[in-house]
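Here is the structure we will look at.
There are 2 protein chains.
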Amino acid sequence: MAAPKDPRPCSIADTLAVVGEKYSLLVLREVCLGNGRFDQLVRNIGAPRDILATRLRRLVDAGVLTKRAYSEHPRRFDYRPTAAGLELEPVLMALKEWGDRHLRDNTDLPMTMEHSCGHDLVPVVTCRACGAPVHHDDLTAHPQTPGWTVKGPVST
Amino acid sequence: MAAPKDPRPCSIADTLAVVGEKYSLLVLREVCLGNGRFDQLVRNIGAPRDILATRLRRLVDAGVLTKRAYSEHPRRFDYRPTAAGLELEPVLMALKEWGDRHLRDNTDLPMTMEHSCGHDLVPVVTCRACGAPVHHDDLTAHPQTPGWTVKGPVST
DNA sequence: CTCCGTGAGTTGGAAAATCAAACCCACGTC
DNA sequence: GACGTGGGTTTGATTTTCCAACTCACGGAG
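Protein chains in written order, with the numbering used here: chain A, 22 to 177; chain B, 22 to 177.
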C-alpha cells in the first residue's frame with residue numbers, strides 16, 4: 022500500500038511543481054510580454070539574480086521556455102515561451118483577473134489587455150462542451166484514484 | 022521618482038503575494054472540494070502542520086477562506102472558501118488543465134470534473150465581449166504605468 | 001476515575017532556500 | 001586602456017521549511 026502520508030495525486034500540484042516556485046510565473050509574464058532578457062527580468066520582476074538564474078534553468082528544463090542567442094560576438098541570450106509555455110497564459114489571465122477584481126480599484130489598473138475583437142479583455146472560463154461560463158456549483162469532482170475522496174460540493 | 026529596483030506593478034504579482042506561497046493553492050483546492058479540516062488538509066496536501074497553520078492564517082486574513090467552528094464541546098474548526106476564494110477556481114482549473122495536457126497521459130487522469138451540462142469539463146478562457154477563445158496572438162498589452170513598457174507580442 | 005484516542009494546532013532544532021552585494025568575463029567603445 | 005554592458009556566478013548572512021515531538025481540551029471505554 023502507498024505510504025499513508027503521500028499527498029493526493031493531482032495535476033494542479035504537478036503543474037505547481039513546475040511553475041509554482043516564487044517568481045516563476047512572473048518570469049512567464051515578462052517572457053510572454055516580450056521582455057526575455059536577463060537584466061530586463063531582474064528589473065521587471067525584482068528577483069535576486071541567482072534565484073532568477075535557477076528559475077530560468079528549471080523552466081527551460083521543463084519545456085516552458087527556450088533560451089536563444091540573439092547575438093553572437095558578444096554572445097547574448099534571451100528567453101522565450103515555448104508552445105507549452107504559451108498555454109500557461111490562462112493561468113496568468115486568471116490571476117490577473119482576480120487581482121484586478123479583489124486587490125485593485127477598478128479605475129486604476131496597472132495593465133489592461135486588449136483583445137483582437139476590439140474590447141478590453143475580461144477573461145471568462147467556459148465549458149468547452151456547452152460554452153457556458155463555469156460556476157463552482159455546476160461542477161462535480163470525480164476522483165479517479167482509489168482512496169482519495171471528496172466531501173462533495175461546498176456551498177457558501 | 023520610484024526607486025529603480027521596484028518591480029513592475031501588476032495584479033498577477035499581487036495575487037501571487039496572496040496565494041502564491043507553497044501549498045496555498047493546494048489548500049484552496051481541498052477546501053473547494055469540501056475537505057476543510059486541518060488533519061484532512063495535512064493528509065491530502067502533504068504539507069508540514071506548522072506551515073499549513075501559517076498558510077491558513079494568511080488565507081483567512083486575506084479573505085480567501087473563513088474559519089468556522091463545526092462543533093462546540095469539543096471546539097473544532099474547518100475552513101471554507103469565501104466568495105472571493107471561489108473566484109480563484111479559474112486559476113485552479115487552468116493549472117489542472119495544463120497539467121492534464123502536458124504532464125499526464127490523457128487516458129489516466131487523477132481527477133475529472135463534470136460540468137452540469139453533462140460533459141466532462143474542459144475549461145476554456147474566452148473573451149467576455151466577443152465570446153471567442155483567447156489566443157496569445159489576439160492580445161495586446163497596454164501598461165498603464167509610465168516607465169513600464171512591453172516589447173510587443175512574442176511569436177513562437 | 002484513569003487511560004486512550006482524536007482534532008487542531010504549537011514548539012524546537014536541523015536543513016534548505018532566499019537575499020543583497022560583490023565579483024567575473026567577454027566583448028564593444030571612448 | 002579605462003569604462004560600460006549583458007549575463008550570469010560566488011559569498012555569506014538571513015529566512016523558510018521541514019519533521020518529529022509536544023500540548024491541550026475533550027469524549028469515550030473500562
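Note that beta-carbon positions come from the ideal geometry of N, C-alpha and C, so glycine has one too.
Being a predicted model, the structure only gives us computed values, none of them experimental.
Within the region 78 to 139 of chain A, the runs of beta strand (DSSP E) at least 3 residues long that lie entirely inside it are, in chain order, 86 to 92, 97 to 102 and 132 to 136.
Distance from the CA atom of E118 of chain A to the CA atom of P144 of chain A, rounded to whole angstroms, is 7 Å. For the pair I72 of chain A and L47 of chain A, the CB atoms are not nearer than the 8 Å cut-off. Counted as a single uninterrupted DSSP element, the stretch harbouring C31 of chain A is not any alpha helix (DSSP H), since DSSP gives it neither H nor E. Contact annotation for N56 of chain A against chain B: V171 and K172 [CB-CB distance below 8 Å, chain order]. Straight across, the Cα-Cα distance linking N56 of chain B with L77 of chain B is about 13 Å.
From the beta-carbon of K88 of chain A, no residue of chain B is found nearer than 9 Å; the closest lies around 14 Å away.
Distance from the CA atom of R58 of chain B to the CA atom of T170 of chain A, rounded to whole angstroms, is 14 Å. Residues of the region 56 to 84 of chain B with a Cβ closer than 7 Å to any Cβ of chain A, in chain order: N56, N65, I66 and G67. In the pairwise beta carbon analysis, the region 120 to 136 of chain A is classified as not touching the region 132 to 140 of chain B: fewer than three pairs are separated by under 8 Å. Within the same chain, C53 come within 7 Å of E110 of chain B by CB-CB distance, once the 5 residues on both sides are set aside. In the three-state DSSP reduction, C151 of chain B falls in the coil class, being neither helix nor strand. According to DSSP, residue pairing for A162 of chain B in a beta bridge involves A:M134. Burial state of H136 of chain B is buried, judged by a 10 Å Cβ sphere holding 16 or more other Cβ atoms.
With 16 or more other CB atoms across the displayed protein chains lying within 10 angstroms of its CB, R50 of chain B is buried. In the DSSP assignment, R50 of chain B falls within the alpha helix (DSSP H) that extends over S45 to L54.
Contact annotation: V81 of chain B and T87 of chain B have beta-carbon atoms nearer than 8 Å. At a cut-off of 8 Å, the C-beta of D27 of chain B has a neighbouring C-beta in chain A. Listed in chain order, the positions of the region 98 to 127 of chain B with a beta carbon within less than 8 Å of a beta carbon of chain A are R101, P102, T103, A104, A105, L107, E108, L109, E110, P111, V112, L113, M114, A115, L116, K117, E118, W119, G120, D121, R122, H123, L124 and R125. In terms of beta-carbon proximity, V145 of chain A lines the interface with chain B, with at least one pair separated by less than 8 Å. Using a Cβ distance threshold of 8 Å, R101 of chain A and V175 of chain B count as a contacting pair.
Using a 10 angstroms sphere on the CB of R29 of chain A, the tally of other CB atoms reaches 16 or more, which defines it as buried. Neighbours of V48 of chain A in chain B, taken as residues at a C-beta separation under 8 Å, are lacking, since the least C-beta distance is about 11 Å. Contact of R149 of chain A with chain B by beta-carbon distance below 7 Å involves V143 and V145. P95 of chain A and K172 of chain B have their C-alpha atoms some 22 Å from each other. If the five residues before and after V40 of chain B are omitted, its C-beta is found closer than 6 Å to the C-beta atoms of L46, all from its own chain and listed in chain order. Inclusion of M132 of chain B and A162 of chain A in the CB contact set at 8 Å is warranted, their separation being smaller than that value.
Following the DSSP letters along the chain, one finds R64 of chain B inside the alpha helix (DSSP H) bounded by residues F59 to I66. Per DSSP, reduced to three states, the secondary structure at V175 of chain A is coil, with no helix or strand assignment. Chain-ordered listing is empty here: chain B has no CB closer than 8 Å to the CB of S92 of chain A, the nearest sitting near 16 Å.
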